[in-house]
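**Student:** With mature numbering (1 follows the signal peptide of the UniProt record, and there is no 0) applied, the sequence shown covers -22 to -1, 1 to 230. Could you have a look at this structure, given as structure tokens, before my questions?
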Amino acid sequence: MRRALTLFLLLGAAPLAAPASAQTIHALPDQTSHIRLSNRDINHVVCEGGEIEDIKFSAEKGLAVEKGGADAWIKFLAREIDDAGQVTRTYVTQPSEFFVSCNGATYPLYAEPAEIPAQTVVLMPGTRQRAQANNELMAALADEDRAVSITLSLLDDRVPASFSEVAPSGDTIGIAAIPGLSITEGRRIAVEGAGLSASEYHLRAATPVTLDERLLVEPVLGERIFSLTLDRVRLDAGETARLVVVRREARQ
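Quick look at the structure:
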């Protein structure tokens, strides 16, 4: 009785592309990320802000891996057995380890194959990588110019990928010196390596008011305030303004 065994999928000449339905997972460097990958579809790995230099894995476990630029693709190879015309296909269930080099850091991935849709694994910069990128971005700037750059990035909604998003409080606060003004934090970022952080606040006036930035230097908006910037100062009742507060971080 003749039995034919075939492994699927061998990598072709064209790069693999992950299905549009891929779900996203985030991984950090220098710590093992336990993840689940599809054992049927093609999984996608993305190096955020850089290129994938290398991927180490055990080829004996039935894997096909291809990389190019910032992207890599991982496929667990199904095994098909043709036993006298009766075809049986089995899928990989044994976990595999990957060690991906991205932006000079190593991302250990412990992947469990599962019957799930294709996954996209985004390799996020760690604190060291973000600090290095921010130093390169701002090394030539004086502190005042750094504050201006951070403020404009928030007002223009063009925040660099090396800035870390921090969950805003979302609480509505007030300042005694400006009655009728409600203040809500909408966005907060940390700039590792620069010793600065910033928040964008949304201000709403209950009555007409002319805002004075000096009156906004209050502990309720944070300690070690370095700069404040309003996008407008005159508000009628019901109108809103945006305020960006840049703070110095406490020295360790």
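From the three backbone atoms N, C-alpha and C, an ideal C-beta is built for every residue, glycine too.
For arginine 202, which of Thr218, Val187, Ser175 and Ile128 has the nearest alpha-carbon?
**Tutor:** Translated into positions along the sequence shown, residue 202 becomes position 224. Among Thr218, Val187, Ser175 and Ile128, the Cα nearest to that of arginine 202 is on Ser175.
**Student:** Use the C-beta contact count for phenylalanine 204: other C-beta atoms within 10 angstroms, 16 or more gives buried, fewer gives exposed.
**Tutor:** Start at 1 with the first residue of the sequence shown, and residue 204 comes out as number 226. By the 10 Å Cβ count, phenylalanine 204 comes out buried.
**Student:** Give the DSSP bridge partners of alanine 226, in chain order.
**Tutor:** Within the sequence shown, numbered from 1, the residue matching residue 226 stands at position 248. Correcting the residue identity first, residue 226 is arginine in this sequence and not alanine. DSSP output for arginine 226 lists Leu174 as bridge partner(s).
**Student:** Classify glutamate 31 as helix, strand or coil using the three-state DSSP reduction.
**Tutor:** In the sequence shown, the residue the question calls residue 31 occupies position 53. In the structure shown, glutamate 31 falls within a strand segment according to DSSP collapsed to helix, strand and coil.
**Student:** How long is the line joining the alpha carbons of valine 211 and leucine 189, rounded to whole angstroms?
**Tutor:** Here residue 211 refers to the residue found at position 233 when the sequence shown is read from its first residue. Here residue 189 refers to the residue found at position 211 when the sequence shown is read from its first residue. Cα-Cα distance, rounded: 5 Å.
**Student:** Extract the residue ranges of the alpha helix (DSSP H) inside the segment 105 to 164, only unbroken runs of 4 or more that lie entirely within it.
**Tutor:** 105 to 116 and 121 to 133
**Student:** Going by DSSP in three states, alanine 96 sits in which element: helix, strand or coil?
**Tutor:** Stepping through the sequence shown from its first residue, residue 96 is reached at position 118. Alanine 96: coil per DSSP, three-state reduction.
**Student:** Smallest Cα separation from residue 293: which of Ile156, Ser36, Trp51 and Leu193?
**Tutor:** No statement about residue 293 is possible, as the shown extent of the chain runs from -22 to 230 and does not include it.
**Student:** Mapping DSSP to helix, strand and coil, what is proline 197?
**Tutor:** Residue mapping note: residue 197 aligns to position 219 of the sequence shown, counting from 1. Reduced to three states, the DSSP call for proline 197 is helix.
**Student:** In chain order, what residues of the same chain lie with their CB nearer than 7 Å to the CB of leucine 133, ignoring the 5 residues before and after it?
**Tutor:** Within the sequence shown, numbered from 1, the residue matching residue 133 stands at position 155. Within the same chain, leucine 133 has close Cβ partners Asp209, Arg220 and Val222.
**Student:** Is the distance from the Cβ of alanine 183 to the Cβ of glutamate 217 below 8 Å?
**Tutor:** By one-based count along the sequence shown, residue 183 stands at place 205. By one-based count along the sequence shown, residue 217 stands at place 239. A Cβ-Cβ contact shorter than 8 Å links alanine 183 with glutamate 217.
**Student:** Excluding sequence positions up to five away, which residues of its chain have a Cβ less than 7 Å from the Cβ of phenylalanine -15?
**Tutor:** Along the sequence shown, read from residue 1 onward, the residue named residue -15 stands at position 8. Note that phenylalanine -15 scores a pLDDT of 35, beneath 50, so its modelled location is shaky; the value from the coordinates is reported in the next line. Within the same chain, phenylalanine -15 has close Cβ partners Leu55, Ala56 and Glu58.
**Student:** If you follow the beta strand (DSSP E) that glutamate 38 is part of, which residue opens it and which one closes it?
**Tutor:** As a first step, residue 38 must be located in the sequence shown, where it is residue number 60. Neither: glutamate 38 is in no beta strand (DSSP E) and is coded neither H nor E.
**Student:** What do you get for arginine 124, buried or exposed, if any count of 16 or more other CB atoms within 10 angstroms of its CB means buried?
**Tutor:** For the purposes of this step, residue 124 is taken as residue 146 along the sequence shown, with counting starting at 1. Buried is the call here.
**Student:** Quickly, what does DSSP pair threonine 84 with across the bridge? List them, please.
**Tutor:** By 1-based counting over the sequence shown, the position of residue 84 is 106. Its beta-bridge partners are Ser79.
**Student:** Whose C-alpha, out of Val24, Pro186 and Tyr179, is nearest the C-alpha of glycine 200?
**Tutor:** Residue 200 sits at position 222 when you count from the first residue of the sequence shown. Out of Val24, Pro186 and Tyr179, the CA that lies nearest to the CA of glycine 200 is found in Tyr179.
**Student:** Exposed or buried, what is lysine 53 when buried is set at 16 or more other beta-carbons lying within 10 Å of its beta-carbon?
**Tutor:** Here residue 53 is taken as the residue at index 75 of the sequence shown, counted from 1. Buried.
**Student:** To which residues of the same chain is threonine 129 closer than 8 Å at the C-beta, ignoring the five residues directly before and after it?
**Tutor:** For this step, residue 129 is matched to residue 151 along the sequence shown. So the qualifying residues of the chain are Ala176, Ser205, Thr207, Val222 and Val224.
**Student:** On a Cα-Cα basis, can you pick out the residue from Ile94, Glu93, Met102 and Pro95 that is closest to leucine 87?
**Tutor:** Within the sequence shown, numbered from 1, the residue matching residue 87 stands at position 109. Nearest of Ile94, Glu93, Met102 and Pro95 to leucine 87, Cα basis: Met102.
**Student:** Beta strand (DSSP E) containing threonine 2: first to last residue?
**Tutor:** Walking along the sequence shown from the start, residue 2 turns up at place 24. Note, threonine 2: beta strand (DSSP E), 1 to 5.
**Student:** Confirm, please, whether the CB-CB distance from isoleucine 161 to glycine 152 is below 8 Å.
**Tutor:** Reading the sequence shown from its first residue, position 174 is the one you call residue 152. Reading the sequence shown from its first residue, position 183 is the one you call residue 161. Yes, they are a contact pair.
**Student:** I need the straight-line Cα distance from lysine 39 to alanine 145, nearest angstrom please.
**Tutor:** For the purposes of this step, residue 39 is taken as residue 61 along the sequence shown, with counting starting at 1. For the purposes of this step, residue 145 is taken as residue 167 along the sequence shown, with counting starting at 1. Each residue's Cα considered, the two are about 40 Å apart.
**Student:** Would you call the CB atoms of phenylalanine 76 and alanine 92 closer than 8 Å?
**Tutor:** Walking along the sequence shown from the start, residue 76 turns up at place 98. Walking along the sequence shown from the start, residue 92 turns up at place 114. Not in contact: phenylalanine 76 and alanine 92 (Cβ atoms no closer than 8 Å).
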